[in-house]
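Enquirer: Here it is: the structure, laid out below.
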Amino acid sequence: MSNNHQEHSVDEIFRAPSLAVSSVLHGGIHHPLLRSYQSSGRNLVKSMFIYPIFITDDPDAEQVISSLPGQKRWGVNKLEGFLGPLVKKGLKGVILFGVPMKMEKDERGTPADDPSTPVIQALKLLSRLFPQLLLAIDVCLCEYTSTGHCGILSHHPNPAHSGAPTLDAEKSAQRIAEVAVAYAKAGAHVVAPSDMMDGRIRAIKLGLMHAGLANRCALMAYSAKFASGLYGPFREAAGTGTSFGNRRCYQFPPTARQLARRALRRDAEEGADFVMVKPGLPYLDIISDATQVCPDLPVAVYQVSGEFAMIHAGAEKGIYGLKEMAFETVESMVRAGASIILSYFTPDFLDWLDEERSF
Ligand SMILES: [Zn+2]
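Here the numbering used here is used: the first residue of the sequence shown is 1418, the next is one more, and so on.
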């Protein structure tokens, strides 16, 4: 026995510590690998990321989006050069957003499923170029309607909204289902309706079943989408704004936790294959609720444009390191229960997840 040990009697060893044994936690996190064990097996991996991409109708476009650092609107001819290197680094999934700049818009959003619409062309091209890449696509009408609204307007104005027109839920859901089926036919593996119209999940599921596509196209429901101040840069990117009124009648108020739970449950019952919460960081409790309300469905979260821009802005001001804050926010979403993360940080994470963690 060494002298060291002889200095302490057995009595002393058991009497000395002032902390209870259960109080000593640091031993479990003194090594990077030990720290990773604390994540209950839910470590962040590349395959969790789906990268949102804006596709516009100028085939050679590569337009900088000033409010979304590093992000651009892409023309279909540029997709191979842009995505090829990311696929090599481990990119597993993308979600496409159509940004038509030149197409003639109308009340029913006719250009949404026109064969010449940029997202349909992109789906066909990407299925050919990258057959392993998961192709998800946002389904909504607002980028294609002359009103800028996500559905078709009813001609019965609602006096509660100073006589402004309201949306016709049934017509809207039918039209959205038509568009979703067209995208599935063009090669989408996942259709993701973001419009928040009542009944659209059921309408899309039935549409896919009738078209014989329900077994090869998944339905990701934006179930809990809150009216948020964090969508600003997206609106610049997608060029969407409403010509009158706003979307507060169909996006949830930030306090609406119970309503979000009802929507999650409803979308699961209507045939969603996975559910989404949007935005992420201010709604971690809703992500956690989603795992309880829909225990058998994967839960996705959209770290939206404003969250991404905010993290960049804070890092530029020297408030924190960009990488540390990107990890902290995304890992908080994983901790809350998300297993799919839609994020503009996706290309960064493809690099960062290959690097040694220093924090
Ligand atoms: Zn919309």
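The beta-carbon is built from N, C-alpha and C at its ideal position, and this holds for glycine as well.
Would you list the residues whose beta-carbon is nearer than 6 Å to any heavy atom of ligand 1, in the order they occur in the chain?
Expert: Checking every Cβ against the heavy atoms of ligand 1 under 6 Å gives 1557, 1559, 1567, 1611, 1612.
Enquirer: Where does residue 1633 land, buried or exposed, given buried means 16+ other C-beta within 10 angstroms?
Expert: Under this definition residue 1633 is an exposed residue.
Enquirer: Measuring CB to CB, does residue 1623 end up less than 9 Å from residue 1601?
Expert: In this structure, residue 1601 does not lie closer than 9 Å to residue 1623 by Cβ.
Enquirer: Taking contact to mean at least 3 C-beta pairs separated by less than 8 Å, is the region 1548-1562 in contact with the region 1500-1518?
Expert: Taking 8 Å as the limit for Cβ pairs, the verdict is that the region 1500-1518 does touch the region 1548-1562.
Enquirer: Any contact between the region 1523-1540 and the region 1560-1570? By contact I mean 3 or more CB pairs, one from each, below 8 Å.
Expert: Touching, yes.
Enquirer: Name the two residues that bound the continuous beta strand (DSSP E) containing residue 1721.
Expert: Element bounds for residue 1721: n/a, residue is neither H nor E.
Enquirer: Go through its chain and collect everything with a Cβ distance to residue 1631's Cβ below 8 Å, but skip five positions before and after it.
Expert: Once the five neighbours on either side are set aside, the close Cβ partners of residue 1631 are 1622, 1625.
Enquirer: Taking all protein chains shown into account, do 16 or more other C-beta atoms lie within 10 angstroms of the C-beta of residue 1744, making it buried, or fewer, making it exposed?
Expert: Label assigned to residue 1744: buried.
Enquirer: From the DSSP output, in three-state form, read off residue 1418 for me.
Expert: Low local confidence applies: a pLDDT of 43 at residue 1418 is under 50, so the model's placement there is unreliable, with the coordinate-based value given in what follows. Residue 1418: coil per DSSP, three-state reduction.
Enquirer: Taking contact to mean 3 or more Cβ pairs, one atom from each stretch, closer than 8 Å, check whether the region 1526-1538 and the region 1580-1591 are in contact.
Expert: Not touching, per the Cβ criterion.
Enquirer: Determine the direct distance from the alpha carbon of residue 1764 to that of residue 1418, and round the result to whole angstroms.
Expert: Because the pLDDT of residue 1418 is 43, which lies under 50, any placement of that residue in the model is unreliable, and the number read from its coordinates should be weighed accordingly. Straight-line Cα distance between these residues: approximately 56 Å.
Enquirer: Below 8 Å CB to CB, which residues in the same chain sit around residue 1716 once its five sequence neighbours on both sides are set aside?
Expert: Taken in chain order, the residues that qualify are 1691, 1692, 1693, 1694, 1704, 1707, 1708, 1754, 1755, 1756, 1757.
Enquirer: Can you list the alpha helix (DSSP H) stretches of 4 or more residues lying completely in the region 1659-1703, in chain order?
Expert: As far as the region 1659-1703 is concerned, its whole alpha helix (DSSP H) runs of at least 4 residues are 1674-1686.
Enquirer: Can you grab the Cα-Cα spacing for the pair residue 1679 / residue 1629, in whole Å?
Expert: Near 29 Å, if we compare the C-alpha coordinates of residue 1629 and residue 1679.
Enquirer: Leaving aside the five residues before and after residue 1767 along the sequence, list all residues of the same chain whose C-beta is less than 8 Å from its C-beta, in chain order.
Expert: The residues are 1463, 1466, 1503, 1506, 1507, 1508.
Enquirer: Return the first residue and the last residue of the beta strand (DSSP E) that residue 1510 is part of.
Expert: Segment 1510-1516, the beta strand (DSSP E) holding residue 1510.
Enquirer: I'd like the ranges of any alpha helix (DSSP H) spanning at least 4 consecutive residues and lying wholly in the region 1467-1550.
Expert: Runs found: 1496-1505, 1535-1546.
Enquirer: Would you grab the beta carbon distance between residue 1638 and residue 1713 for me? Rounded to a whole angstrom, and I think it's under 8 Å.
Expert: Contact flag wrong, Cβ pair sits at about 14 Å.
Enquirer: Where residue 1759 and residue 1775 are concerned, what is the direct C-alpha to C-alpha distance, given to the nearest angstrom?
Expert: Near 24 Å, if we compare the C-alpha coordinates of residue 1775 and residue 1759.
Enquirer: Quick check on DSSP: helix, strand or coil for residue 1449?
Expert: Helix at residue 1449.
Enquirer: Check the DSSP bridge columns for residue 1713 and list the partner residues they point to.
Expert: Answer is none; residue 1713 lacks a bridge partner.
Enquirer: Just tell me which of 1533, 1647, 1497, 1529 has its CA closest to the CA of residue 1544.
Expert: Of the listed residues, the one whose Cα sits closest to residue 1544 is 1497.
Enquirer: Taking 6 Å as the limit between beta carbons, can you name the residues of its chain near residue 1547, skipping five residues before and five after?
Expert: Closer than 6 Å at the Cβ level, and outside the excluded window around residue 1547, lie 1504.
Enquirer: Within this structure, are the beta carbons of residue 1723 and residue 1649 separated by less than 9 Å?
Expert: Cβ atoms of residue 1723 and residue 1649: closer than 9 Å.
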